[in-house]
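Asks: Structure below; questions to follow.
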Amino acid sequence: MFNKIKKHLEVANKGYFEHMFFAMKVGLKCLWSFVTAFVHAINPAWFEYSTSKRIKRAENC
Numbered sequence: 008m009f010n011k012i013k014k015h016l017e018v019a020n021k022g023y024f025e026h027m028f029f030a031m032k033v034g035l036k037c038l039w040s041f042v043t044a045f046v047h048a049i050n051p052a053w054f055e056y057s058t059s060k061r062i063k064r065a066e067n068c
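Numbering-wise (the working numbering), the sequence shown opens with residue 8 and increments by one.
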């Protein structure tokens, strides 16, 4: 298990905490996209383009 983690960190070229905070940041962005998409599904006038803009930005990274 630890060898697999170590190998992943080497491939990602990040330290443990650097990787952890990066993954948390990405996860929170995904969570926010879920919230805006869910709200938009209920009321299409709200968050009209928020989720699609975030997805397009993520694709260009």
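Think of the CB as a built atom: it goes at the ideal place given N, C-alpha and C, for glycine as much as any other residue.
Taking 8 Å as the limit between beta carbons, can you name the residues of its chain near I62, skipping five residues before and five after?
Replies: Locating residue 62 in the sequence shown gives position 55, counting from the first residue. Cβ neighbours of I62 beyond the five flanking positions: S40.
Asks: Locate the alpha helix (DSSP H) running through E66, then write down its first and last residues.
Replies: Against the sequence shown, residue 66 aligns to sequence position 59. Per DSSP, E66 belongs to the alpha helix (DSSP H) from 57-66.
Asks: Out of V33, V42, N67, state which residue places its alpha-carbon closest to the alpha-carbon of F54.
Replies: Sequence index remark: in the sequence shown, residue 54 carries index 47 (1-based). The candidate whose alpha carbon is nearest that of F54 is V42.
Asks: Work out the CA separation of L35 and R64 for me, nearest whole Å.
Replies: The count along the sequence shown starts at 1 and reaches residue 64 at position 57. The count along the sequence shown starts at 1 and reaches residue 35 at position 28. In a straight line, the C-alpha of R64 is about 15 Å away from that of L35.
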